[in-house]
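Letter 38 of the sequence shown, counting from 1, is numbered 94 in my numbering, and no numbers are missing. Quick reminder that beta carbons are idealized off the backbone N, C-alpha and C, glycines included. Down below is the structure, laid out as structure tokens.
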Amino acid sequence: MAWFDEIPREEIDWGPTIDEAACRDGCRVCLDFCRQGVYDLVDGRVRVVRRTACMVGCSHCAGLCEAGAITFPSLEELRKARPRP
Ligand code: SF4
Ligand code: SF4
């Protein structure tokens, strides 16, 4: 079990952010790829609608975005959520 499995998901700052200016909404690669329901169409544009549904540590969709429009917190930021003994 990973350390973050013991923390309420809402308390972990992890998930994608879309640079709306850079996003080419027509491509929808992230929307089609993610099986967690993180993305959806809002007024015809791809948006992050369920950020906490993103699997902690996953960032696969960012690598697939040819526009480089998807970013994630750094791993250093993620580690800040780790409880200290
Ligand atoms: S993959 Fe990138 S460019 Fe395509 S819809 Fe998602 S964020 Fe926008
Ligand atoms: S990182 Fe993984 S789980 Fe999170 S939004 Fe992208 S594809 Fe979905």
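Below 8 Å on the Cβ atoms is my contact criterion, and I expect residue 85 with residue 96 to pass it. Report the Cβ-Cβ distance as a whole number of Å. So it is not a contact: roughly 14 Å between Cβ atoms.
Starting from the Cα of residue 121, find the closest Cα among 61, 58 and 80 and give me that residue. 80
Report the rounded CA-to-CA distance for residue 134 versus residue 83, giving the unit in angstroms. 29 Å
Whole angstroms are fine: how far does the CA of residue 68 sit from the CA of residue 126? 18 Å
Quick one: what does DSSP say residue 85 is sitting in, helix, strand or coil? helix
Could you tell me the distance, in whole angstroms, from the CA atom of residue 66 to the CA atom of residue 137? 11 Å
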